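Student:
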Amino acid sequence: MNTLSWSIRRELWENRSIYVAPLAVAAVFLAGFLIGLIGLPGRMRAALALGPMEQRAAIEQPYVMAAIMLMAIALIVAVVYCLDAFYGERRDRSMLFWKSLPVSDLTTVLAKASIPILVIPLVTFAVTVATQLIMLLATSAVLAGSGISAGPLWAHVPFFRTALTNFGHLVVYHGIWYAPFYGWLLMVSAWANRAPFLWATLPPIAIGVVERVAFNTSHFAAMVRYRFIGDPGSAARAGGMTMDMLGPHSVGEYLTSPGLWFGLAVTAAFLFAAVRLRRSRGPI
Amino acid sequence: MAYIEARGLRKAYGATVALDGIDLQIEEGRILGLIGPNGAGKTTLLNAIVGLSPYEGHLAVVGRNPWTERDRLMRDVCFIADVAVLPRWIRVSQALDYLAGVHPRFDRAKADAFLAKTTIRPASKVRELSKGMVTQLHLALVMAIDARLLVLDEPTLGLDILYRKQFYDSLLTDYFERSRTVVVATHQVEEVEHVLTDVMFIDRGRVVFSRSMEDVESRYREVQVHPDRIAAARALDPIHERQGIGRSILLFEGVDPQQLGTLGDVRTPSVADLFVAIMGSRSGRARGATQ
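As structure tokens, then:
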């Protein structure tokens, strides 16, 4: 347990982009948002004149945008991290140092897998909540200064419920639901002797093409697409980009869905392969 | 107890046989020099010993199977592959923290004391250090681990002579303090031979020579033969002959030193001379066989 926590800490020392990237995106977004507060009272009056649905969409729009931008950067950081996780230590031969220490390959793989599956979602969650809180407080202050009630703002962007939604989406969705993608990327990183990005992307494309040509079906592509964007119908039912769409519809439904457990089993298989590969693949 | 015990160790990369039936036994407290030409299988052998690569045959290192128990083995074994493997992004203080966190036998105070004698600052990253300083850092980390067995694979490759000397001097001091067991593979025979208790030559995956240094000193003699005694000297079946300055130098095994004294100046050969003689006669025989 101790070696695992030190190994996770080591990953954070090496890959500072895990927290620097979301913080940088949040800072840039907040800078833009705070400058935009100049025109806020006018926009708020216009929004309050709209019907309830449109009003809500107009008020919560910047909050959804902040969450989506942070999620996007978290996804990019996670993919880049996974592809370099084992490839990097083999390329610079530092694996010979890491392997000279009493840390098992299993511990190392679990520490590296926990970064995209747990650490990055939790960091992104914390940054998202902090960003949205700053936005809410700054907006409330400006509204108070121009004599407009902040009531509708807090009604449409309820802080705790929004935070809960973010938690659900980031940790449950980006972490656990995407875990098979991260497992695959980590395995490729442990295996490939060059161009891990191509090895990670071309074989799945090849499988899709072969299936299409041979059987004229696209089950594999549909499976990957479903894993990546979820049920295509759910976005349409939710009625476009809203905060609700980002959350799981029901925790119970999610926990009992076979897709979740199938995904975790696939992840475990990829990680097991990564353990074996890390043991046998040498420096490149 | 034998610290390393190998019987019939084999390893092939495709059609290339890297280890061809190695037998090896190293007892506690010995310092074995593993010497061989490039591609002889030294690194393959050491990688098998520290659990970095699979092998065929029997191998036990401090009583463990290195391939299946690498993480537990590494509590008792220290390994330096060469000094260029420390991750370049890590800070000196982070390396110390991490080792103190994961290694039950790491003595942080000892590493700090060693580093205090150098110009290395704790806040520096490895990439900011010179190659010599990286060596000192790696040495500080390894010396602070109370390991039972130290495995070194060309540890001083690419270093200048001052750092090479410092490396082996530190190693020697440490050895006498604690009675460590060491296996070192190197090309720089001259620098290690005064440290070794045993020497082993390997060539094309086989052990071609394995003796304790006492054995080498008592059995082998090198003679600078007087020009007029050369025929008599050759009659004693030397294992090697080379040309010195104005005189032939002949190497003998197991010949009475008093008898050799009548031929010229007798001395104990260096390990390097012995290596050249034994490898030279092997390749000579190999050439003879193909003709």
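Here the protein sequences line up with chains A and B, keeping their order. The opening position of the first sequence corresponds to residue 474 in the working numbering, with each subsequent residue numbered one higher. The opening position of the second sequence corresponds to residue 61 in the working numbering, with each subsequent residue numbered one higher. Built from N, CA and C at the ideal position, the CB exists for glycine as well. None of the values given here were measured: they were computed from a predicted structure.
(1) Cβ of L146/B within 7 Å of Cβ of H198/B?
(2) Counting only beta-carbon separations shorter than 7 Å, does V145/B have a partner in chain A?
(3) Under 7 Å between beta-carbons, which chain B residues line up against W479/A? List them in chain order, please.
(4) Where does I593/A sit, in a helix, a strand or coil, going by DSSP?
(5) Let me know the secondary structure DSSP gives S707/A once reduced to three states.
(6) Taking Cβ-Cβ distances shorter than 8 Å, what residues in chain A pair up with L112/B?
(7) From which residue to which residue does the beta strand (DSSP E) around F670/A run?
(8) When you compare the CB of W486/A with every CB in chain B, is at least one pair closer than 7 Å?
(9) May I ask you to list the residues that DSSP assigns as paired with A183/B?
(10) May I ask which residues mark the beginning and end of the alpha helix (DSSP H) holding S153/B?
(11) Between R564/A and chain B, is any beta-carbon pair separated by less than 7 Å?
(12) Assuming A141/B and D213/B make a contact with CB atoms under 8 Å, what is their CB distance in whole Å?
(13) In its own chain, which residues sit with a C-beta less than 7 Å from the C-beta of T690/A, not counting the 5 before and 5 after it?
(14) Using a Cβ cut-off of 8 Å, which residues of the segment 61-80 of chain B contact any Cβ in chain A, in chain order?
(15) Can you tell me whether DSSP reads Q303/B as helix, strand or coil?
(16) In whole angstroms, what is the alpha-carbon distance linking A245/B and T103/B?
(17) Between the C-alpha atoms of M660/A and R529/A, what's the straight-line distance to the nearest angstrom?
(18) Are the C-beta of S581/A and some C-beta of chain B separated by less than 7 Å?
(19) My parser needs the alpha helix (DSSP H) runs of 4 or more residues fully inside the segment 234-305 of chain B; what are they?
(20) Measuring only the C-alpha atoms, how far is M716/A from T638/A?
(21) Using only CA atoms, which one of R302/B, R271/B, L310/B and Q284/B lies nearest to L296/B?
(22) Which chain B residues are close to N475/A, counting only those with a beta carbon under 8 Å from its beta carbon?
(23) Distance check for E237/B and A120/B, CA to CA, integer angstroms please.
(24) Please list the partners that R302/B has in chain A, where partner means a Cβ-to-Cβ separation under 9 Å.
(25) Can you have a look at T195/B and say buried or exposed, based on whether 16 or more other CB atoms are within 10 angstroms of its CB?
(26) In terms of alpha-carbon separation, which member of K71/B, E116/B and D131/B lies closest to R752/A?
(27) From L496/A to A603/A, what does the alpha carbon distance come to, in whole angstroms?
(28) For V596/A, which residues in the same chain have their Cβ closer than 7 Å to its Cβ, ignoring the five residues on either side in sequence?
(29) Would you call the segment 691-703 of chain A and the segment 86-94 of chain B touching, i.e. three or more CB-CB distances under 8 Å?
(30) Any idea if V686/A is buried or exposed, counting beta-carbon neighbours within 10 angstroms, 16 or more meaning buried?
(31) Quick one: is S577/A near chain B, going by C-beta distance under 7 Å?
(32) Would you mind sorting I205/B into buried or exposed? The rule is 16 or more other CB atoms within 10 Å of its CB.
(33) CB M203/B to CB D172/B, shorter than 7 Å?
(34) Give me the residue from E116/B, V259/B and I290/B with the minimum Cα distance to F335/B.
(35) Taking DSSP as the reference, what is the three-state secondary structure of V315/B?
(36) For K352/B, which three-state DSSP category applies?
Tutor: In brief:
(1) The residue labelled residue 146/B in the question sits at position 86 within the second sequence. The residue labelled residue 198/B in the question sits at position 138 within the second sequence. Contact annotation: L146/B and H198/B have beta-carbon atoms nearer than 7 Å.
(2) Within the second sequence, numbered from 1, the residue matching residue 145/B stands at position 85. So yes, V145/B belongs to the interface.
(3) Taking the first residue of the first sequence as position 1, residue 479/A is located at position 6. Going along chain B in sequence order, the residues near W479/A (Cβ under 7 Å) are Y158, G161 and V162.
(4) Walking along the first sequence from the start, residue 593/A turns up at place 120. Looking at I593/A - three-state DSSP - the assignment turns out to be helix.
(5) Counted from its first residue, the first sequence places residue 707/A at position 234. Low confidence applies here, because S707/A scores a pLDDT of 48, under 50, leaving its location unreliable; read the following figure in that light. DSSP places S707/A within a helical segment (H, G or I) once states are collapsed to three.
(6) Walking along the second sequence from the start, residue 112/B turns up at place 52. Correct list: L569, K572 and G755.
(7) What you label residue 670/A is simply residue 197 of the first sequence in a count that begins at 1. Premise fails: F670/A lies in the alpha helix (DSSP H), P669 to F688, not in any beta strand (DSSP E).
(8) Position 13 of the first sequence holds residue 486/A. It does; some Cβ of chain B falls within 7 Å.
(9) Residue 183/B sits at position 123 when you count from the first residue of the second sequence. DSSP lists no partner for A183/B.
(10) The residue labelled residue 153/B in the question sits at position 93 within the second sequence. Segment V152 to V162, the alpha helix (DSSP H) holding S153/B.
(11) Here residue 564/A corresponds to residue number 91 of the first sequence, with the count starting at 1. It does not; no Cβ of chain B falls within 7 Å.
(12) The count along the second sequence starts at 1 and reaches residue 141/B at position 81. The count along the second sequence starts at 1 and reaches residue 213/B at position 153. With a Cβ gap of about 5 Å, A141/B and D213/B count as contacting.
(13) Counting from one through the first sequence, the residue named residue 690/A turns up at place 217. For T690/A, where only same-chain residues beyond five positions count, the Cβ hits under 7 Å are E684.
(14) none
(15) If you number the second sequence from 1, residue 303/B lands on position 243. The answer is strand: DSSP assigns Q303/B an E or B state.
(16) Along the second sequence, read from residue 1 onward, the residue named residue 245/B stands at position 185. Along the second sequence, read from residue 1 onward, the residue named residue 103/B stands at position 43. Between A245/B and T103/B, the C-alpha separation is close to 8 Å.
(17) Translated into the one-based positions of the first sequence, residue 660/A becomes position 187. Translated into the one-based positions of the first sequence, residue 529/A becomes position 56. About 44 Å.
(18) For the purposes of this step, residue 581/A is taken as the residue at position 108 of the first sequence. First, the amino acid is wrong: residue 581/A is Thr here, not Ser. No, T581/A does not count as interfacial toward chain B.
(19) 249-252, 273-279 and 290-294
(20) What you label residue 716/A is simply residue 243 of the first sequence in a count that begins at 1. What you label residue 638/A is simply residue 165 of the first sequence in a count that begins at 1. Since pLDDT at M716/A reaches only 41, below the 50 mark, its modelled position is unreliable, and the value read off the structure follows with that caveat. The alpha-carbon atoms of M716/A and T638/A are separated by roughly 8 Å.
(21) Reading the second sequence from its first residue, position 236 is the one you call residue 296/B. It is L310/B whose Cα lies nearest to the Cα of L296/B.
(22) The residue you call residue 475/A lines up with position 2 of the first sequence. Within chain B, the residues near N475/A are G161 and V162.
(23) In the second sequence, counting from the first residue as 1, residue 120/B sits at position 60. In the second sequence, counting from the first residue as 1, residue 237/B sits at position 177. Spanning the two alpha carbons is a distance of roughly 26 Å.
(24) On the second sequence, residue 302/B is found 242 positions in, with the first residue counted as 1. By Cβ distance, chain A contributes nothing, its closest Cβ being about 38 Å from R302/B, past 9 Å.
(25) As a first step, residue 195/B must be located in the second sequence, where it is residue number 135. So T195/B counts as buried.
(26) Translated into positions along the first sequence, residue 752/A becomes position 279. Per the Cα distances, D131/B.
(27) The residue labelled residue 496/A in the question sits at position 23 within the first sequence. The residue labelled residue 603/A in the question sits at position 130 within the first sequence. Cα-Cα distance, rounded: 10 Å.
(28) Within the first sequence, the letter at position 123 stands for residue 596/A. Here the set comprises I491, Y492 and P495.
(29) no
(30) Sequence index remark: in the first sequence, residue 686/A carries index 213 (1-based). With fewer than 16 Cβ atoms within 10 Å of its Cβ, V686/A is classed as exposed.
(31) Mapped onto the first sequence, residue 577/A falls at position 104. Yes, S577/A lies at the interface with chain B (some Cβ there is under 7 Å from its Cβ).
(32) Against the second sequence, residue 205/B aligns to sequence position 145. It counts as buried.
(33) Translated into the one-based positions of the second sequence, residue 203/B becomes position 143. Translated into the one-based positions of the second sequence, residue 172/B becomes position 112. Against a cut-off of 7 Å, the Cβ pair of D172/B and M203/B comes out as no contact.
(34) Position 275 of the second sequence, counting from 1, holds the residue named residue 335/B. The shortest Cα separation from F335/B among E116/B, V259/B and I290/B belongs to V259/B.
(35) Translated into positions along the second sequence, residue 315/B becomes position 255. Three-state DSSP puts V315/B in coil, outside helix and strand.
(36) The requested residue 352/B is not part of the displayed model; chain B covers only 61 to 351.
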